[in-house]
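Every letter in the sequence shown is one number past the one before it in this note's numbering, and letter 133, counting from 1, is 133.
The beta-carbon is built from N, C-alpha and C at its ideal position, and this holds for glycine as well.
Remember, it's a predicted structure, so these values are computed and weren't measured experimentally.
Below: the structure, in structure tokens.
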Amino acid sequence: MLDILFSHSYYYPLDKKQWDNKTPYPPLGTLYAASLMRSKGYEVSLFDTNLRSDSEAIESEIIENKPRFLAIYDDGFNYLTKMCLTTMREAAFKMIALGKKHGCTVVVCSSDSTDHFEKYIEAGADFIIQGEGEITLLELVQAVDKEDSPNAIKGLVFRDEEEIKTNPKRMVLRDLDELPMPAWDLVDIDAYKEVWRSGHKEFTLNIATTRGCPYKCNWCAKPIYGNRYNSHSPQYITKHLAFLKENFGVRKFWMCDDIFGLKPNWVQEFNSCLQEEQLTISYYIQSRVDLLLKGDTIDALAASGLEEVWVGAESGSQKILDAMDKGTQVEQIYTATKLLKEKKIKVAFFIQFGYLDETKEDIEKTVRMIKELLPDNLGISVSYPLPGTKFYEKVKDDLQLKANWTDSDDLAMMFQGTFNSAYYKKLHRYVHKEYRKSQAVANFKSFFKNPFSLSKNALRSMVLYFYYVPSALIDRMFLKKVQHTNA
């Protein structure tokens, strides 16, 4: 009999936008938990849902392996799980029901179950782990084995007779190097490689160097790792990277931290570790423009193999950045972008439209910033109220009809913003077209300077310019028509 069957509730094929990207990542947070439990003598297995579309397929795995515990342990490093998509919640409920049907003790650890534990208890889960879950899960399984009460286990929610009991929160781990390396052997890496190959992209694996984020952006939720910021040592991460490169032939990595390299001198020491081990990698990160501008951070990142950085630009309007409690300046976005490009590091922007009190002028400032700086990539969304945030508290009275997106491409406005959902969905397309137009203009200029310097993508961009010009004009006319219409 298996001790613990690990799984999670994110299904890429059920989220069309993400599945079409063809860039799935293994459930890193789940693998950490499985590794810790195995290191303590428990027999574990993984039913990885990432590449599946049938939330009931786990039943055959349960029947075959007869696990005592079913741990639906979501990957807290995957930002998509923070969004608490209704499609994935419904999948989790089906998995809970199947676990209970076959006599498992069902434990759930996820952003959604942390925020909405009552719903998961009602669906049949025996225990909900709130926040960082490895130690809580270990103590819970040990307590159940000894038939001890779970009342003293921090970070746990469960039904105690007729009431739901919420135990005190658990402090997050401070020394992350104490954790064993994730249980990568439980993942079918070849299956992931095949999906990436089908999208004509270089296979990339995800690792996390940190947990948590100390910044106070008032729209950003941190249900798993909180506002504390703790780091693995550069030595641990270098060892981890060497293992993945040697065993899976991977050389490109997504550092999936909320903020990479915040600890003073961490990036510099990481670069030194890579040089000492003669380990050559390529990687991309998320960061903040103010952090990137500190000291020789950009130089150290470039020397260590950084290929691309995604920054939370959010808006070209200082008024909106201040309203978000972002703590950055528009000028810093311009400066950091230019310095990164000088070092041949690609820059990508996260842009957020629809924040409270946003005006047409604020939107125009953002569009202008994008066209002037021409980031290498662009991710656009509308403001999304996440439970536990100040922003959520401001708009929660508007969320009666819809409180979650169905999938990550939903883009519906869930509160009463300046404009309606139709406006912002059209704005999403319009900004992308304006961005592509500006890229094409830059490529035309480069072509006339040096006709043989452009890539196939650049040439293709120039051809598509003649599509984007009329198409963007039509979108702009539509935006003018609907901008004063309320949904």
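Rounded separation between M171 and E246 - CA only: 35 Å
Meets three-Cβ-pair contact criterion under 8 Å: the stretch 338-353 and the stretch 308-324: yes
Closest Cα partner of A125 within the set G133, G131 and K101: K101
Minimum C-alpha distance to V144 - residue among E194, T105 and E358: T105
Boundaries (first-last residue) of the beta strand (DSSP E) holding A313: L306 to E314
Exposed unless 16 or more other CB atoms sit within 10 angstroms - verdict on Q130: buried
7 Å Cβ cutoff met for P346 and D299: Strictly speaking, residue 346 in this sequence is Lys, with Pro absent from that position. Contact flag unset, no.
Cβ contact check for the stretch 26-34 and the stretch 171-183: 3 or more pairs under 8 Å: yes
Outcome for H232 when other beta-carbon atoms lying within 10 angstroms are tallied against a minimum of 16: buried
Residues of its chain near D112, where Cβ-Cβ distance is below 7 Å and the 5 sequence neighbours each way are ignored: C84 and R89
Inter-residue spacing [alpha-carbon to alpha-carbon] between A487 and F391: Its pLDDT being 44, under 50, A487 is placed unreliably in this model, and the value from its coordinates should be taken loosely. When rounded, the distance between both Cα atoms is 20 Å.
Residue from N227, R228 and A242 whose Cα sits closest to the Cα of P234: A242
Short Cβ contact (7 Å threshold) for G388 with A221: yes
Cross-strand partners of Q352 (DSSP beta bridge): S381
C-alpha gap between E202 and G249, whole angstroms: 11 Å
Assigned exposure category for Y283 - 16 Cβ within 10 Å defines buried: buried
Validate contact between the stretch 427-441 and the stretch 359-376 using beta carbons, cut 8 Å, 3 pairs: yes
Pairwise C-alpha distance: H8 and V187: 13 Å
Presumed contact (8 Å Cβ cut-off) between D406 and T87, rounded CB distance: With the sequence shown as reference, residue 406 is identified as Thr, and Asp is not the correct amino acid for it. That belief holds up - the Cβ atoms of T406 and T87 are roughly 6 Å apart, short of 8 Å.
Cβ-based neighbour list, C217, same chain, cut-off 7 Å, excluding 5 preceding and 5 following: M324, D325 and K326
Contiguous beta strand (DSSP E) assignments of at least 3 residues, all confined to the stretch 137-203: 156-160 and 163-166
Assigned secondary structure, R531 (DSSP; H/G/I helix, E/B strand, else coil): Shown here, the chain extends from 1 to 487; a query on residue 531 therefore has no answer.
L156 and L205 closer than 7 Å at C-beta: no
Status (buried if at least 16 other CB within 10 Å, exposed otherwise) for L479: buried
Short Cβ contact (7 Å threshold) for F260 with I285: yes
Three-state class that DSSP yields for S421 in the structure shown: helix
Per-residue DSSP class, three states only, for K17: helix
A123 vs Y73 beta-carbon contact at 7 Å: no
Whole-angstrom C-beta distance between V330 and L301, which should lie under 8 Å: Between V330 and L301 the Cβ distance is about 22 Å, and since that is not below 8 Å, they are no contact.
Check whether K154 and N167 have beta carbons under 7 Å apart: yes
Minimum C-alpha distance to V441 - residue among Y423, F466 and A97: F466
Reduced DSSP category for M491 - H, G, I as helix; E, B as strand; rest coil: In the structure as shown, the chain starts at 1 and stops at 487, and residue 491 therefore has no counterpart that could be examined.
Residue interval of the beta strand (DSSP E) (run including L459): First-last for L459: K456 to V482, but that is the alpha helix (DSSP H), not the beta strand (DSSP E).
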